[in-house]
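Sequence order for the protein chains is A and B.
The opening residue of the first sequence carries number 1 in the working numbering; numbering runs sequentially from there.
The opening residue of the second sequence carries number 271 in the working numbering; numbering runs sequentially from there.
Quick reminder that beta carbons are idealized off the backbone N, C-alpha and C, glycines included.
Heads up, the thing below is written out as structure tokens.
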Amino acid sequence: MADTPNTSSSVHSAPQTPVLSRLWPRLWPHLRAAFVAFHLLAISLDASPSPGAGMNRSAWSDPTVQGEFTRWARFLGTDRKTLEDALWAFAQQFVKARGAVMTPFNPWLEHTGTSQSWQMFVAPHRFPTRMQLQILPAANPADPAADLRIRDADWQTVYEERSPDDTWQAARFDTERLRASIFRWGWPNYQSAWKNACRVFARDLVREARDAGSPAPVAVRCRMFKQESPSPEAIRDDKIPAGKWVFVQVVKTDSLDAPPAPPAAPKTIP
Amino acid sequence: MIAALSDRWRRWVALLDRREDGASLALVRVLCAGIIAAHLANSLRTGTWRWVWVDAADGGLRALNPVWLAHFGGLTPGNVQALIVATLIAALAMMGGLLTRAAVFAVWFGYGTLADLNGHAGGSYDELLKNVLFLLLLSGCGSALSLDRRLGLDKGGPVAAWPRWAMIFQLVLMYWTTALQKLSSSWIPIGELDALWYILWQPTWQRFTLPLADLAWAYPITQLMTLSVWCFEQAAPLLLLAYWYRDTRERGGWLRGVFNSKDFRGKFLLFGLGMHVGIEVLMEVGSFSWATMCLYVACFHPEEWRGLLRSAPAPRSAAPAPPP
Numbered sequence: 001m002a003d004t005p006n007t008s009s010s011v012h013s014a015p016q017t018p019v020l021s022r023l024w025p026r027l028w029p030h031l032r033a034a035f036v037a038f039h040l041l042a043i044s045l046d047a048s049p050s051p052g053a054g055m056n057r058s059a060w061s062d063p064t065v066q067g068e069f070t071r072w073a074r075f076l077g078t079d080r081k082t083l084e085d086a087l088w089a090f091a092q093q094f095v096k097a098r099g100a101v102m103t104p105f106n107p108w109l110e111h112t113g114t115s116q117s118w119q120m121f122v123a124p125h126r127f128p129t130r131m132q133l134q135i136l137p138a139a140n141p142a143d144p145a146a147d148l149r150i151r152d153a154d155w156q157t158v159y160e161e162r163s164p165d166d167t168w169q170a171a172r173f174d175t176e177r178l179r180a181s182i183f184r185w186g187w188p189n190y191q192s193a194w195k196n197a198c199r200v201f202a203r204d205l206v207r208e209a210r211d212a213g214s215p216a217p218v219a220v221r222c223r224m225f226k227q228e229s230p231s232p233e234a235i236r237d238d239k240i241p242a243g244k245w246v247f248v249q250v251v252k253t254d255s256l257d258a259p260p261a262p263p264a265a266p267k268t269i270p
Numbered sequence: 271m272i273a274a275l276s277d278r279w280r281r282w283v284a285l286l287d288r289r290e291d292g293a294s295l296a297l298v299r300v301l302c303a304g305i306i307a308a309h310l311a312n313s314l315r316t317g318t319w320r321w322v323w324v325d326a327a328d329g330g331l332r333a334l335n336p337v338w339l340a341h342f343g344g345l346t347p348g349n350v351q352a353l354i355v356a357t358l359i360a361a362l363a364m365m366g367g368l369l370t371r372a373a374v375f376a377v378w379f380g381y382g383t384l385a386d387l388n389g390h391a392g393g394s395y396d397e398l399l400k401n402v403l404f405l406l407l408l409s410g411c412g413s414a415l416s417l418d419r420r421l422g423l424d425k426g427g428p429v430a431a432w433p434r435w436a437m438i439f440q441l442v443l444m445y446w447t448t449a450l451q452k453l454s455s456s457w458i459p460i461g462e463l464d465a466l467w468y469i470l471w472q473p474t475w476q477r478f479t480l481p482l483a484d485l486a487w488a489y490p491i492t493q494l495m496t497l498s499v500w501c502f503e504q505a506a507p508l509l510l511l512a513y514w515y516r517d518t519r520e521r522g523g524w525l526r527g528v529f530n531s532k533d534f535r536g537k538f539l540l541f542g543l544g545m546h547v548g549i550e551v552l553m554e555v556g557s558f559s560w561a562t563m564c565l566y567v568a569c570f571h572p573e574e575w576r577g578l579l580r581s582a583p584a585p586r587s588a589a590p591a592p593p594p
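Here it is in structure tokens:
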């Protein structure tokens with residue numbers, strides 16, 4: 001680091017008060033050093049491990065998390081339930097203590113936008129979900145009694161994650177921000193948000209159909225296909241685990257409020 | 271005790287007094303602004319902003335806290351679009367180094383506002399970019415490679431070196447604390463080391479559908495990669511040690527000698543670069559890898575960048591550049 005020493009005048013201007021302007025060149029380096037030390041301490045403490053959104057008992061019931069407990073319990077020579085309860089008690093105490101330590105630093109981190117949260121892929125999701133959106137096309141006028149008690153085959157898929165064929169709003173869903181939301185909707189503690197999201201998709205599908213002069217769908221179904229990812233052994237033995245549909249939301253479009261019309265709504269229709 | 275503390279404080283103050291050419295920080299500025307501009311432009315192109323940043327009352331996915339936008343009518347499509355466009359313009363100014371300090375402030379404020387609106391629709395790249403922006407705001411990143419310099423709005427000259435060092439610290443902090451939290455039996459060396467195998471199966475993060483069912487033979491490779499990534503992240507604090515040894519190479523000692531002769535820094539960053547290329551090829555995790563590259567740029571001294579730029583062959587048709 002072949003750096004040059006500070007010649008002091010160009011970084012900062014001295015205050016105009018005579019006393020301060022005399023002291024400033026000597027004071028400034030110390031103030032800056034204190035500031036940098038404080039900032040580095042604040043971000044270091046904030047980056048320390050934290051359960052974050054994982055402090056939710058319903059999320060712990062997911063088979064991925066349960067599997068993790070089972071493997072660790074086996075390793076530690078205890079049973080899963082004992083380990084889980086002990087960890088929950090420890091995590092509660094830890095979060096409380098961490099909160100107390102962080103209290104003086106939180107305003108700084110919040111106002112400067114320098115908070116630290118690096119819980120990136122801390123554990124693989126062994127039971128991931130795949131989001132799918134479907135519409136129930138407009139009922140046949142000759143069949144006014146058509147309702148939601150229908151065959152599964154009557155639903156038309158308009159979007160499915162990573163599908164090359166069912167691509168309604170795929171450009172949006174492919175962005176990382178939507179992927180982050182979709183990931184959360186696959187967990188039990190985000191079902192309220194998932195329910196709201198399905199209503200928004202239903203509204204947009206109805207609006208697009210109307211804008212295109214097509215009959216609006218009768219209903220929209222949003223669901224997640226949850227399937228255990230196979231191990232290499234399962235693949236070799238041709239024993240791919242079966243999945244199941246979970247978190248199924250059905251929105252009857254006649255239950256939707258009149259959707260507000262945002263400017264330049266997209267006109268795409270699958 | 272007090273004398274020792276006082277001596278350490280004096281050395282800390284002296285360290286932060288160091289100055290250097292602003293080229294590295296300028297390159298961080300250009301890359302960071304480019305990433306944010308591209309991200310916002312893509313949000314406008316795809317309409318993602320309508321779902322993630324507009325309030326539920328106006329067609330968004332969630333009821334959101336409008337923060338300061340409450341004074342202007344809340345998170346309406348018009349307000350959100352205006353904020354995105356304003357931040358995008360500021361990012362372009364920041365990239366070109368026009369009114370740099372004000373542009374960086376506008377991007378820090380605008381992007382920070384947008385990124386914090388919806389906690390369900392963000393990622394670690396938001397945190398990383400906000401941290402880089404904050405450090406750029408405090409730095410002299412407009413003193414080189416900038417329109418300000420050409421227009422005489424910035425006289426150039428050496429800038430404080432500590433913001434660049436703080437970026438290196440940020441990189442180490444990010445890698446190391448994510449490694450500390452990788453406690454899953456899938457990550458740790460005494461476990462199955464199958465983390466990457468299962469992560470690559472997740473539809474949410476796949477860039478494209480991998481034919482993993484035909485790739486069972488690749489499982490040991492993913493195990494090796496899992497172990498490598500875990501070790502790499504755990505070893506991140508050694509990067510700080512490597513910098514210390516580079517700065518004090520005259521002091522001697524075998525470990526210092528090993529770190530300097532084997533160029534630990536170069537090898538560490540090369541591995542990291544390979545890891546991020548792998549992430550970009552196989553997964554979609556937003557701007558994370560690119561945001562990390564901002565910090566990689568900061569890992570090189572301005573003289574190294576200047577040397578690299580000087581050694582690059584000039585385009586045949588280009589006239590020789592005038593001396594600065």
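Output the distance between the C-alpha atoms of residue i and residue j, rounded to the nearest integer angstrom.
{"i": "Pro-164(A)", "j": "Ala-153(A)", "result": "20 Å"}
{"i": "Ser-255(A)", "j": "Arg-130(A)", "result": "26 Å"}
{"i": "Asp-396(B)", "j": "Trp-446(B)", "result": "18 Å"}
{"i": "Phe-173(A)", "j": "Cys-411(B)", "result": "35 Å"}
{"i": "Glu-160(A)", "j": "Gly-330(B)", "result": "20 Å"}
{"i": "Ile-305(B)", "j": "Leu-509(B)", "result": "25 Å"}
{"i": "Ala-33(A)", "j": "Val-283(B)", "result": "5 Å"}
{"i": "Asp-237(A)", "j": "Leu-295(B)", "result": "54 Å"}
{"i": "Met-495(B)", "j": "Gly-380(B)", "result": "38 Å"}
{"i": "Leu-369(B)", "j": "Asp-418(B)", "result": "6 Å"}
{"i": "Leu-578(B)", "j": "Ala-414(B)", "result": "15 Å"}
{"i": "Asp-328(B)", "j": "Lys-537(B)", "result": "50 Å"}
{"i": "Arg-109(A)", "j": "Trp-60(A)", "result": "The question names Arg, yet the displayed sequence has Leu at residue 109(A). Taking the straight line joining both Cα atoms gives about 29 Å."}
{"i": "Gly-382(B)", "j": "Lys-239(A)", "result": "47 Å"}
{"i": "Ser-115(A)", "j": "Val-218(A)", "result": "45 Å"}
{"i": "Pro-144(A)", "j": "Asp-204(A)", "result": "Because the pLDDT at Pro-144(A) is just 49, under 50, the model does not fix this residue reliably, and the point stays unresolved."}
I believe residue i touches residue j by the beta-carbon criterion, under 8 Å. Please report the beta-carbon distance rounded to the nearest angstrom.
{"i": "Glu-228(A)", "j": "Phe-127(A)", "result": "5 Å"}
{"i": "Leu-540(B)", "j": "Tyr-566(B)", "result": "The Cβ separation is near 10 Å, so there is no contact."}
{"i": "Ala-216(A)", "j": "Ala-97(A)", "result": "Going by Cβ atoms, the distance from Ala-216(A) to Ala-97(A) rounds to 54 Å, so no, they are not a contact pair."}
{"i": "Leu-314(B)", "j": "Ile-359(B)", "result": "The pair is not a contact, with the Cβ atoms about 12 Å apart (cut-off 8 Å)."}
{"i": "Pro-428(B)", "j": "Glu-290(B)", "result": "6 Å"}
{"i": "Gln-440(B)", "j": "Pro-49(A)", "result": "Not a contact, Cβ separation roughly 17 Å."}
Under the three-state reduction of DSSP, which class applies to residue i: helix, strand or coil?
{"i": "Phe-201(A)", "result": "helix"}
{"i": "Gln-476(B)", "result": "strand"}
{"i": "Ala-221(A)", "result": "Checking the displayed sequence, the identity of residue 221(A) turns out to be Arg instead of Ala. Looking at Arg-221(A) - three-state DSSP - the assignment turns out to be strand."}
{"i": "Gln-134(A)", "result": "strand"}
{"i": "Pro-144(A)", "result": "For Pro-144(A), the predicted structure reports a pLDDT of 49, less than 50, and the residue's modelled location is therefore unreliable. A value from the coordinates is still provided. If DSSP states are grouped into helix, strand and coil, Pro-144(A) belongs with coil."}
{"i": "Trp-457(B)", "result": "coil"}
{"i": "Phe-69(A)", "result": "helix"}
{"i": "Gln-116(A)", "result": "coil"}
{"i": "Ala-372(B)", "result": "helix"}
{"i": "Thr-78(A)", "result": "coil"}
{"i": "Gln-249(A)", "result": "strand"}
{"i": "Gln-169(A)", "result": "coil"}
{"i": "Thr-518(B)", "result": "coil"}
{"i": "Glu-161(A)", "result": "coil"}
Taking all protein chains shown into account, decide if residue i is buried (16 or more other Cβ within 10 angstroms of its Cβ) or exposed.
{"i": "Gly-393(B)", "result": "buried"}
{"i": "Trp-487(B)", "result": "exposed"}
{"i": "Thr-562(B)", "result": "buried"}
{"i": "Gly-186(A)", "result": "buried"}
{"i": "Arg-177(A)", "result": "buried"}
{"i": "Pro-473(B)", "result": "buried"}
{"i": "Asp-85(A)", "result": "exposed"}
{"i": "Cys-222(A)", "result": "buried"}
{"i": "Ser-559(B)", "result": "buried"}
{"i": "His-341(B)", "result": "exposed"}
{"i": "Val-528(B)", "result": "exposed"}
{"i": "Ile-135(A)", "result": "buried"}
{"i": "Trp-194(A)", "result": "buried"}
Quick check: does the Cβ of residue i come within less than 7 Å of any heavy atom belonging to the ligand ATP?
{"i": "Lys-96(A)", "result": "Here there are no bound small molecules, and the ligand ATP is not part of this structure."}
Checklist entry - In chain order, what residues of the region 116-127 of chain A put their CB closer than 7 Å to some CB of chain B? => result Gln-116, Ser-117, Trp-118, Gln-119, Met-120, Phe-121, Val-122, Ala-123, Pro-124, His-125 and Arg-126
Checklist entry - For the region 61-73 of chain A, which residues have a CB atom closer than 8 Å to at least one CB atom of chain B, in sequence order? => result Glu-68, Arg-71 and Trp-72
Item to check | Interface positions of the region 175-206 of chain A facing chain B (Cβ-Cβ less than 8 Å), listed along the chain | outcome: Thr-175, Glu-176, Arg-177, Leu-178, Arg-179, Ala-180, Ser-181, Ile-182, Phe-183, Arg-184, Gly-186, Tyr-190, Ala-193, Asn-196, Ala-197, Val-200, Arg-203 and Asp-204
Checklist entry - Taking any Cβ of chain A, which residues in the region 526-537 of chain B have a Cβ under 8 Å from it, in chain order? => result none
Checklist entry - If contact means a Cβ-Cβ distance below 9 Å, which residues of the region 278-289 of chain B contact chain A? => result Trp-279, Trp-282, Val-283, Ala-284, Leu-285, Leu-286, Asp-287, Arg-288 and Arg-289
Checklist entry - When Cβ atoms are compared, which residues of the region 155-172 of chain A fall closer than 7 Å to chain B? => result Glu-161, Arg-162, Ala-171 and Arg-172
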